[in-house]
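A.B. asks:
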Amino acid sequence: MSRADFRLSLVVPVYNEEESIDAFISAIDTELAPLKDQLEIVFVNDGSRDRTREVVEQAIARDPRVTLVNLARNFGKEAAMTAGLHQAKGDAIVPMDVDLQDPPSLILEFVKLWQTGDYDTVYGIRVDRSADTPMKRLTAGGFYRFFNALSTSTKLPENAGDFRLIDRKVVEAIKQLPERNRFMKGLFAWAGFRAVGVPYERPARHAGETKFNYWKLWNFALDGLMSFSSWPLRVWSYIGVGVSFIAFLYILKIITQVLFFGIDVPGYASLMSVMLFLGGIQLLSLGIIGEYIGRMFVEVKQRPVYLIEGVYGQYAKQDEEQKQDEEQKQEVPTTSKKNAAKKAAAKATDDQQEQASQ
1 MSRADFRLSL VVPVYNEEES IDAFISAIDT ELAPLKDQLE IVFVNDGSRD RTREVVEQAI
61 ARDPRVTLVN LARNFGKEAA MTAGLHQAKG DAIVPMDVDL QDPPSLILEF VKLWQTGDYD
121 TVYGIRVDRS ADTPMKRLTA GGFYRFFNAL STSTKLPENA GDFRLIDRKV VEAIKQLPER
181 NRFMKGLFAW AGFRAVGVPY ERPARHAGET KFNYWKLWNF ALDGLMSFSS WPLRVWSYIG
241 VGVSFIAFLY ILKIITQVLF FGIDVPGYAS LMSVMLFLGG IQLLSLGIIG EYIGRMFVEV
301 KQRPVYLIEG VYGQYAKQDE EQKQDEEQKQ EVPTTSKKNA AKKAAAKATD DQQEQASQ
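Letter by letter, the sequence shown follows residues 1 to 358 of the UniProt record's numbering.
#1: Indicate whether D167 and M81 have their beta-carbon atoms separated by less than 8 Å.
#2: Do V170 and T121 have their CB atoms nearer than 8 Å?
#3: I need the DSSP call for P34, collapsed to helix, strand or coil.
#4: Mark E17 as exposed unless 16 or more other C-beta atoms lie within 10 angstroms of its C-beta, in which case mark it buried.
#5: Tell me where the alpha helix (DSSP H) around A61 begins and ends.
#6: Return yes when the Cβ of L71 is within less than 8 Å of the Cβ of V42, no when it is not.
#7: Counting only the same chain and skipping the five closest in sequence on each side, list residues whose C-beta sits under 7 Å from that of R65.
#8: Helix, strand or coil for A23 per DSSP?
#9: According to DSSP, is A195 helix, strand or coil?
#10: For the structure I just gave you, are there three or more beta carbon pairs, one from the segment 187-199 and one from the segment 304-315, closer than 8 Å?
#11: Please classify P304: is it buried, with 16 or more other beta-carbons within 10 angstroms of its beta-carbon, or exposed?
#12: Could you work out which residue in D50, K301, G313 and T52 is closest to P178 when comparing CA atoms only?
#13: So S9 and I93 are supposed to be a Cβ contact under 8 Å. How far apart are they, rounded?
#14: Which stretch, first to last residue, makes up the beta strand (DSSP E) that contains G313?
#15: Can you give me the start and stop residues for the alpha helix (DSSP H) that residue 359 sits inside?
#16: Using DSSP's beta-bridge definition, name the partner residues of E40.
#17: Please classify I255: is it buried, with 16 or more other beta-carbons within 10 angstroms of its beta-carbon, or exposed?
#18: Measuring only the C-alpha atoms, how far is N74 from D29?
#19: Where does T256 fall in DSSP's three states?
#20: Can you give me the start and stop residues for the alpha helix (DSSP H) that V170 sits inside?
#21: Specify the secondary structure class of A92 as computed by DSSP and reduced to three states.
#22: Since I believe L100 is in contact with Y200 (beta carbons under 8 Å), could you give me their beta-carbon distance rounded to a whole number of angstroms?
#23: Are the beta-carbon atoms belonging to L156 and G186 less than 8 Å from one another?
This is the structure we're talking about:
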């Protein structure tokens, strides 16, 4: 495949985004006009409860480039993005948000860098996050630093999100990863390949409200850390050694006070403090172990990451027709072989009867 002649797929997960879809398509038409004949827009409806599906279906009626992947229920953004990557047909794929905080104008720069042949992934780096709240900016920066400090095998480019252009071979590699607890930023980084970052200023959301609250972001951060680091498990070995050493020193202190100085050491308060402290540590460590065991439980069940209710759009129809044609082509040789086998069997029977009559 020549990178000068290619097909580009935009993968856009949507959840209750009826207000943003038309504006997004309009921005794509304006900013990506040079690529209008090479473009596919894959909206993944992640169980929306508003008119999101209806608005996308209206867009399909107007624009044959639009495809709708309708999930059976809400599976989460990471699963929706995975579904979009599986359905996208392009030689290059761009996962992005529908709220226009991922500027479509940057995609042309992604494409130019990708077309040089030097890079398989071109990702955006958010250098200005003034549109986010101060708390979100603070926690996001802390997460990237904390993640990279704990993970030894995978490093996340700081302030890089899901907005990126990835080559088809990178997508095929990602599709081979079977885990159910998916942290796509980490999977993109883990896959490797030649990558480069492009800085950009992240604008404010065009319409609607974010679907991520701080509790969801906290759980999302935990998923990322526990998917790519065993440090939260390993650290309790060091904590156990440290607490044991402190307890040993405390025992030595008590023995010294009692045996050498005759000091009566009152035990109730100190005993309760130690018991509560150790009990808290044990519960915390059990909670972390439980998080890992819970993730193992999800993985061993091997349920699919997502379920699709249906795929709609011009490209989906073409793919279905092509699939039916291939099945028919496969049936023709099979039928011919069966007919030939019947003729051969009939001929063999006739020969046997002729020999018997002689």
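Yeah, the Cβ is synthetic: ideal placement off N, Cα and C, and Gly gets one too.
C.D. replies: Looking at the coordinates:
#1: Translated into the one-based positions of the sequence shown, residue 167 becomes position 167. Translated into the one-based positions of the sequence shown, residue 81 becomes position 81. No, these two residues do not count as a Cβ contact at 8 Å.
#2: Looking up residue 170 in the sequence shown gives position 170. Looking up residue 121 in the sequence shown gives position 121. Yes, they are a contact pair.
#3: Against the sequence shown, residue 34 aligns to sequence position 34. In the structure shown, P34 sits in a helix (DSSP, three-state: H, G or I).
#4: Here residue 17 is taken as the residue at index 17 of the sequence shown, counted from 1. By the 10 Å Cβ count, E17 comes out buried.
#5: The residue given as residue 61 occupies position 61 in the sequence shown. A61 -> alpha helix (DSSP H) spans T52 to R62.
#6: As a position in the sequence shown, residue 42 is number 42, starting the count at 1. As a position in the sequence shown, residue 71 is number 71, starting the count at 1. Cβ distance not < 8 Å, so V42 and L71 don't count as in contact.
#7: Here the question's residue 65 lines up with position 65 in the sequence shown. L39, E40 and I41.
#8: As a first step, residue 23 must be located in the sequence shown, where it is residue number 23. Here A23 sits in helix by DSSP.
#9: Position 195 of the sequence shown, counting from 1, holds the residue named residue 195. A195 falls in the strand class under three-state DSSP.
#10: no
#11: Against the sequence shown, residue 304 aligns to sequence position 304. Under this definition P304 is an exposed residue.
#12: Here residue 178 is taken as the residue at index 178 of the sequence shown, counted from 1. P178 has its Cα closest to that of K301, out of D50, K301, G313 and T52.
#13: In the sequence shown, residue 9 corresponds to position 9, counting from 1. In the sequence shown, residue 93 corresponds to position 93, counting from 1. Right, their Cβ atoms sit about 5 Å apart.
#14: On the sequence shown, position 313 is the one that residue 313 refers to. Taken as a continuous stretch (DSSP letters only), the beta strand (DSSP E) holding G313 covers I308 to G313.
#15: Here the chain has residues from 1 to 358 only, and residue 359 is not among them.
#16: Residue 40 sits at position 40 when you count from the first residue of the sequence shown. According to DSSP, which records beta bridges pairwise, E40 is partnered with S9.
#17: Here residue 255 is taken as the residue at index 255 of the sequence shown, counted from 1. When all chains shown are included, I255 counts as exposed.
#18: Position 74 of the sequence shown, counting from 1, holds the residue named residue 74. Position 29 of the sequence shown, counting from 1, holds the residue named residue 29. For N74 and D29, the distance between alpha carbons rounds to 29 Å.
#19: The residue given as residue 256 occupies position 256 in the sequence shown. Residue state, collapsed to three classes: helix.
#20: Residue mapping note: residue 170 aligns to position 170 of the sequence shown, counting from 1. Run containing V170: R168 to K175, per the alpha helix (DSSP H) assignment.
#21: Here residue 92 is taken as the residue at index 92 of the sequence shown, counted from 1. Of the three classes helix, strand and coil, the one that applies to A92 here is strand, per DSSP.
#22: On the sequence shown, position 200 is the one that residue 200 refers to. On the sequence shown, position 100 is the one that residue 100 refers to. Not quite, the Cβ-Cβ distance comes to about 12 Å (not below 8 Å), so this is no contact.
#23: Position 156 of the sequence shown, counted from the start, is the residue given in the question as residue 156. Position 186 of the sequence shown, counted from the start, is the residue given in the question as residue 186. Contact: yes.
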